[in-house]
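Note that the protein sequences, when read in sequence, are chains A and B. Letter by letter, the first sequence follows residues -14 to 51 of the numbering used here. Letter by letter, the second sequence follows residues -14 to 51 of the numbering used here. Glycine is no exception: its CB is placed at the ideal position from the N, C-alpha and C atoms. This report concerns only the one structure given below.
2 protein chains.
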Amino acid sequence: MNTIAAFIKNKRKEAGLTQEEFAIRSGLGLRFVRELEQGKETVRMDKVNQALAMFGMQAVPGRMDE
Amino acid sequence: MNTIAAFIKNKRKEAGLTQEEFAIRSGLGLRFVRELEQGKETVRMDKVNQALAMFGMQAVPGRMDE
DNA sequence: TTATTTTATACCCTTTATGGTATAAATAAT
DNA sequence: ATTATTTATACCATAAAGGGTATAAAATAA
């Protein structure tokens, strides 16, 4: 799974939220949250950022290794 | 402009490539490359990663500040 | 075990991102 | 200055992302 997907999934669980609760609080669609966490790669970046923003993060360039 | 957009634009220029050349080499559409560099936020993540991969990078979660 | 909650998959529909192309604007070169 | 190159904006068509919802599967609780 890609790092963003794993990050969201882990952080959401840490926060004790279900996908549904997370969807509601973030203003994202439930289906989107699910597909994102499952590593769907053709998601829209603005929505990915909307999800990351829940944890004070955003999508930035990072080295493919490390 | 968002960091990914700026990153691509800067790196592309450093590499001495026009948007057209970059589009060809990366296999991305010219229009997409342009919109990406102009900071369009509703772009598809897989294509963003395809662009970043040209420089050994990918989209990862990063703190919104710093 | 069974019952409950959470997550995954499938369907239809609407919106929109993307490619291609053509034109306009801006920048660089002569 | 003019010309050539690069970048930005606009149009149309197609493919697909996303929302909603319903069902199935999986995980957790009792």
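Only counting the same chain, and skipping five residues up and downstream in sequence, which positions put a Cβ closer than 7 Å to that of residue i?
i: Asn34 (chain A); result: Gln43, Ala44
i: Ser11 (chain A); result: Gln35, Ala36, Met39
i: Lys(-6) (chain A); result: Glu22
i: Leu13 (chain B); result: Lys32, Gln35, Ala36
i: Ala8 (chain B); result: Gly14, Leu15, Val18
Which residues in chain A sit within 8 Å of residue i, going by Cβ to Cβ distance?
i: Glu26 (chain B); result: Met30, Asp31, Asn34
i: Gly14 (chain B); result: Near Gly14 (chain B) there are no residues of chain A at all, since even the closest Cβ is about 15 Å away, more than 8 Å.
For residue i, which residues in chain A fall below 9 Å Cβ to Cβ?
i: Met39 (chain B); result: Within 9 Å Cβ-Cβ: nothing; Met39 (chain B) doesn't reach chain A, min ~11 Å.
i: Ala44 (chain B); result: Asn(-13), Thr(-12), Ile(-11), Met30, Val33, Ala44, Val45, Pro46, Gly47
Strictly by DSSP, which residues pair up with residue i?
i: Gly12 (chain A); result: Gly12 (chain A) pairs with nothing; no bridge assigned.
Along chain B, which residues have their Cβ under 9 Å away from the Cβ of residue i?
i: Phe(-8) (chain A); result: Val45, Pro46
Between which residues of its own chain and residue i is the CB-CB distance below 8 Å, once the five residues before and five after are set aside?
i: Gln4 (chain B); result: Arg(-3), Leu15, Val18, Arg19, Glu22
i: Pro46 (chain A); result: none
For residue i, which residues in the same chain have their Cβ closer than 6 Å to its Cβ, ignoring the five residues on either side in sequence?
i: Asp50 (chain A); result: none
Legend entry - Whole beta strand (DSSP E) elements within the segment 22 to 50 of chain A, 3-residue minimum: 42 to 48
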